[in-house]
Amino acid sequence: MKTDTSHLANNSIGQVFTPLKWAEWLINRWGIFDAWLDGAHICDPTAGKGAFPLAMLHIARQKGIAITPERLSQLTLIEIVPSHLERFRENVKREFSVDFPTSQIFCQDVITEAHAGKYDILVGNPPWANFGNLPTAYKARVQPFFLQEELVPDRQKTLLGSSRTDIAALVLKVALGRLLRENGVGYFYLPTSLFFGDGAHSGFRNYSARSTRNGIVSHRDFAIDTVYEFTSTKVFDSVGTSYCCAKFCGDTRQDFPVSYFKESDSEWVEHKALPLENPTDPWRIVKDLDELNMDTTLEVRLSPEQKPRQGVNTCGANSVFIFDHKPSHLPEQFLYPLATKEIWRQNISLPCKWILLPYDPQTGKPLISAEIEQWNTLKAYLKNAEEVLKSRKGTLLRSAMNRGNWWALLGVGPYSFAPFKVIWQAYGKSDFTPVVLSSVEGQMWQGNQAMHAFIPCWTAHDAQRIKTALEDPEIPTLLRQLNGAGKCNWAQPGKIKKILAFD
Ligand SMILES: C[S@@+](CC[C@H](N)C(=O)[O-])C[C@H]1O[C@@H](n2cnc3c(N)ncnc32)[C@H](O)[C@@H]1O
Numbered sequence: 007m008k009t010d011t012s013h014l015a016n017n018s019i020g021q022v023f024t025p026l027k028w029a030e031w032l033i034n035r036w037g038i039f040d041a042w043l044d045g046a047h048i049c050d051p052t053a054g055k056g057a058f059p060l061a062m063l064h065i066a067r068q069k070g071i072a073i074t075p076e077r078l079s080q081l082t083l084i085e086i087v088p089s090h091l092e093r094f095r096e097n098v099k100r101e102f103s104v105d106f107p108t109s110q111i112f113c114q115d116v117i118t119e120a121h122a123g124k125y126d127i128l129v130g131n132p133p134w135a136n137f138g139n140l141p142t143a144y145k146a147r148v149q150p151f152f153l154q155e156e157l158v159p160d161r162q163k164t165l166l167g168s169s170r171t172d173i174a175a176l177v178l179k180v181a182l183g184r185l186l187r188e189n190g191v192g193y194f195y196l197p198t199s200l201f202f203g204d205g206a207h208s209g210f211r212n213y214s215a216r217s218t219r220n221g222i223v224s225h226r227d228f229a230i231d232t233v234y235e236f237t238s239t240k241v242f243d244s245v246g247t248s249y250c251c252a253k254f255c256g257d258t259r260q261d262f263p264v265s266y267f268k269e270s271d272s273e274w275v276e277h278k279a280l281p282l283e284n285p286t287d288p289w290r291i292v293k294d295l296d297e298l299n300m301d302t303t304l305e306v307r308l309s310p311e312q313k314p315r316q317g318v319n320t321c322g323a324n325s326v327f328i329f330d331h332k333p334s335h336l337p338e339q340f341l342y343p344l345a346t347k348e349i350w351r352q353n354i355s356l357p358c359k360w361i362l363l364p365y366d367p368q369t370g371k372p373l374i375s376a377e378i379e380q381w382n383t384l385k386a387y388l389k390n391a392e393e394v395l396k397s398r399k400g401t402l403l404r405s406a407m408n409r410g411n412w413w414a415l416l417g418v419g420p421y422s423f424a425p426f427k428v429i430w431q432a433y434g435k436s437d438f439t440p441v442v443l444s445s446v447e448g449q450m451w452q453g454n455q456a457m458h459a460f461i462p463c464w465t466a467h468d469a470q471r472i473k474t475a476l477e478d479p480e481i482p483t484l485l486r487q488l489n490g491a492g493k494c495n496w497a498q499p500g501k502i503k504k505i506l507a508f509d
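Numbered according to the working numbering, the sequence shown spans residues 7 to 509.
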C-alpha cells in the first residue's frame, strides 16, 4: 500500500460511506460487474472503506465467480485516510480469505497528488462538503485546484461567494480529467446541487476537466449521460441534501436533454433535463419537452438597487439578536420586526419575532463603537455577548469583524431599511407567494436568513407593481422545473435573479 501521505491521517473530509447494498445497486444498474469480468479496470478515487470494490467481490461470490488475482488487479482504491484502507484489507481478508493486493491501494490525496494509473471505469461517492466547511489549512492547499479546474473564476471568489462550491465538484473534475482512460465512464453518487445550484456550481457545468499529458495541459470534455434522483429512498441516512447517482462519459461533449429519472411511488419515472438558457445554467426538469414552451425571463423592471436578497444572517448568534417578544431593555430604534411563517399562514402582519440590528439605517452600515457608547443598555447588552459574537465563523463576517465591528451581521445593507419589501418564502417550499411588508411603528420588516428573500422598494406603488408581476403563475412552474420544490434552494435570490430582467 502506498502511504506517502500519512501526514493526512487525521483528515476527515466529507465522509459519508455508501451502504454495501447501495454500492451493489449502482454496480448492477450500470452493468459495472460484467464490464469487470470483461476486463475493465475500475477505480474508486475516494474509496473510503472500499464499499464499491467490496460490493464487486460480494456480487462475484453470489454469482459463484472466482475472485482471481487477475480480477483483483483490475480494482483500484485511492483514499486519503490510511485507516479506512487498512479496514478494507481486513474486511476482504476476513470475508473472502484473500489478500487484496497492496499494489492496488493508494493512500493519497487525489486532488493535490499525482497518480499514474488510468482506468476504464471510475465509480464512487466523492466527499460531501463544501469549500467553506473544509479545515482551514486544507482550504489553502486545495484552493489552487478549484481555480485550475475553473470551478471559481478568481481567487477572491473562492474565498468569498463560492465557498458553497462542493468539493465533490472538484474531485469529479480531477478524476474525470486525470484518471479516466480515453472514452472511459464514471458512475457516482452525488449531491444534485451540482446540476441545480446557481453561481456556486456553474463552473462545474462547463463540462470540461483539466488533463496533463507529457507536461502539456489540455482540457477534456465530459458529459452527463443519465441521472437517477432519489426523492424518497434513503441511500444515505446522514445526508440532508438532495442526492442522485449519475453516469458520466469521458471525452464526450455534453448534449441535452439528459435522461433524468425521478422516483415516484417506488418507480423510476423518466424526465428530461436541460439548462435554463445558457449551457452552464442550472438544469430544468420536464416530463415532456412541450413544457418548455414558456418564457424563461420575466420582464419586471427593477433598478440595480433592487437585486433580490436573502434575509439577515446572524451567523449562528440567533440567541443574541433574535427575540420572541420585543425586549423593553433595548433601544427601540434598533429593534425590527422579523418575518416568520405566520405572515403566510395566517395572513397576519403582527410580528411574532424581533431582531436587533445595531446599524445606521441611513447608510446600512454597523454602528461604530462611538455610536454604541451613546446607548448604555445597547452597549451593556452587546458587551455581555462579546465573546459569543467574536467567536462566530465565516469569511465574509470575519472581514466585517476585522474592521472592529464584532456586532456585525450578514445580509444587512441600505436595502434592509428600504421602506417596503416584496418578500417571499425561499426555502423548502413549493408555493411562491410574494407579499408586501412595510414597517411596524416605523421599523422595517426584515427577512430571516435563507428562509426569506425579498426585493427592496422605495415606494408603495413600486412594491405593488413588483408584487403583481411576481404573481405570474409561470414563476412557480419554472421554479418547479428548476427542481427546487421542497428543497433549500426553492426560490432563493440567485434563482429569481436569473428569471427577472434588470434595467
Ligand atoms: C463520501 S466518502 C465515500 C467513500 C466511499 N467511496 C464510499 O462510497 O463509501 C468520501 C471519502 O473520500 C475521502 N477523501 C476526501 N478527500 C479526499 C482526497 N482529497 N483524496 C482522496 N480521498 C479523499 C474521505 O476520507 C472519504 O473516505
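The beta carbon of each residue, even a glycine, is placed where N, CA and C say it ideally should be.
Exposure of residue i, with buried meaning 16 or more beta-carbon neighbours within 10 Å
i: asparagine 319; result: buried
i: serine 214; result: buried
i: histidine 121; result: buried
i: isoleucine 291; result: buried
i: phenylalanine 236; result: buried
i: histidine 513; result: Any property of residue 513 remains undetermined from this structure, which presents the chain solely from 7 to 509.
i: arginine 307; result: exposed
i: glycine 190; result: buried
i: valine 275; result: exposed
i: serine 224; result: exposed
i: valine 98; result: buried
i: alanine 507; result: exposed
Residue range of the alpha helix (DSSP H) that includes residue i
i: alanine 475; result: 466 to 476
i: glycine 500; result: 499 to 505
i: serine 224; result: Segment 222 to 236 is the beta strand (DSSP E) holding serine 224; no alpha helix (DSSP H) there.
i: isoleucine 111; result: No alpha helix (DSSP H) holds isoleucine 111; the beta strand (DSSP E) holding it covers 111 to 113.
Among the options, nearest to residue i - alpha-carbon criterion
i: aspartate 105; options: Ala120, Pro75, Phe112 and Tyr125; result: Pro75
i: phenylalanine 201; options: Asp227, Val233, Ala53 and Val177; result: Val233
i: aspartate 261; options: Asn212, Asn220, Asp296 and Thr239; result: Asn212
i: lysine 501; options: Ile429, Val428 and Pro288; result: Pro288
i: threonine 2; options: Trp412, Gln368 and Gln339; result: Residue 2 lies beyond the residue range present for the chain, which begins at 7 and ends at 509; the question has no answer from this structure.
i: leucine 182; options: Thr218, Thr171, Glu276 and Ser397; result: Thr218
i: isoleucine 19; options: Asn97, Phe137 and Thr474; result: Phe137
i: cysteine 113; options: Tyr125, Val98, Phe102 and Asp50; result: Asp50
i: proline 285; options: Pro263, Lys240 and Asn34; result: Pro263
i: phenylalanine 460; options: Gly419, Asn489, Thr369 and Gln487; result: Gly419
i: valine 241; options: Thr24, Arg486 and Leu506; result: Thr24
i: cysteine 358; options: Pro343, Pro367, Tyr365 and Thr369; result: Pro343
i: valine 442; options: Ala345, Asn408 and Ala497; result: Ala345
i: glutamine 498; options: Asp366, Lys313 and Ser208; result: Lys313
i: serine 355; options: Val446, Thr239 and Ala66; result: Val446
i: histidine 207; options: Ala175, Phe102 and Leu506; result: Ala175
i: leucine 402; options: Thr465, Phe194 and Arg170; result: Arg170
i: threonine 52; options: Arg35, Arg100, Thr118 and Asp44; result: Thr118
Residue i to residue j span [Cα, whole Å]
i: leucine 416; j: glutamine 80; result: 51 Å
i: asparagine 495; j: glycine 70; result: 47 Å
i: asparagine 571; j: valine 87; result: This structure gives no information on residue 571, because the portion of the chain shown stretches from 7 to 509.
i: cysteine 463; j: lysine 503; result: 16 Å
i: methionine 457; j: alanine 432; result: 5 Å
i: glutamate 480; j: arginine 315; result: 21 Å
i: leucine 404; j: leucine 388; result: Here residue 404 is arginine; the residue named in the question, leucine, does not match the sequence. Their backbone Cα atoms lie some 17 Å apart in a straight line.
i: valine 22; j: lysine 55; result: 10 Å
i: leucine 14; j: isoleucine 374; result: Note that leucine 14 scores a pLDDT of 41, beneath 50, so its modelled location is shaky; the value from the coordinates is reported in the next line. One C-alpha to the other measures close to 43 Å.
i: alanine 491; j: lysine 145; result: 32 Å
i: isoleucine 361; j: leucine 395; result: 15 Å
i: glycine 192; j: tyrosine 249; result: 16 Å
i: alanine 72; j: serine 244; result: 35 Å
i: glutamate 96; j: isoleucine 48; result: 20 Å
i: leucine 63; j: isoleucine 222; result: 38 Å
i: aspartate 1; j: alanine 66; result: Nothing about residue 1 can be reported from this structure: the residues present for the chain run from 7 to 509 only.
i: glycine 448; j: proline 367; result: 12 Å
i: arginine 349; j: lysine 435; result: Per the sequence shown, residue 349 should be read as isoleucine rather than arginine. Going by the C-alpha atoms only, they are around 14 Å apart.
i: glutamate 156; j: alanine 466; result: 43 Å
i: leucine 178; j: phenylalanine 151; result: 12 Å
i: histidine 335; j: isoleucine 328; result: 14 Å
Residue i: first and last residue of the uninterrupted beta strand (DSSP E) it sits in
i: tyrosine 193; result: 186 to 197
i: aspartate 437; result: Unbroken run through aspartate 437: none, as it is neither H nor E.
i: leucine 341; result: 341 to 344
i: isoleucine 378; result: Here isoleucine 378 belongs to no beta strand (DSSP E); instead the alpha helix (DSSP H) covers 375 to 379.
Anticipated Cβ contact below 8 Å, residue i with residue j, distance rounded
i: glutamine 455; j: glycine 317; result: 5 Å
i: cysteine 255; j: alanine 229; result: 5 Å
i: phenylalanine 438; j: proline 372; result: Not confirmed; about 32 Å, so no contact.
i: glutamate 392; j: proline 440; result: 38 Å between Cβ atoms; not a contact.
i: alanine 469; j: phenylalanine 423; result: Not really, about 14 Å apart at Cβ, beyond 8 Å.
i: leucine 304; j: alanine 475; result: 7 Å
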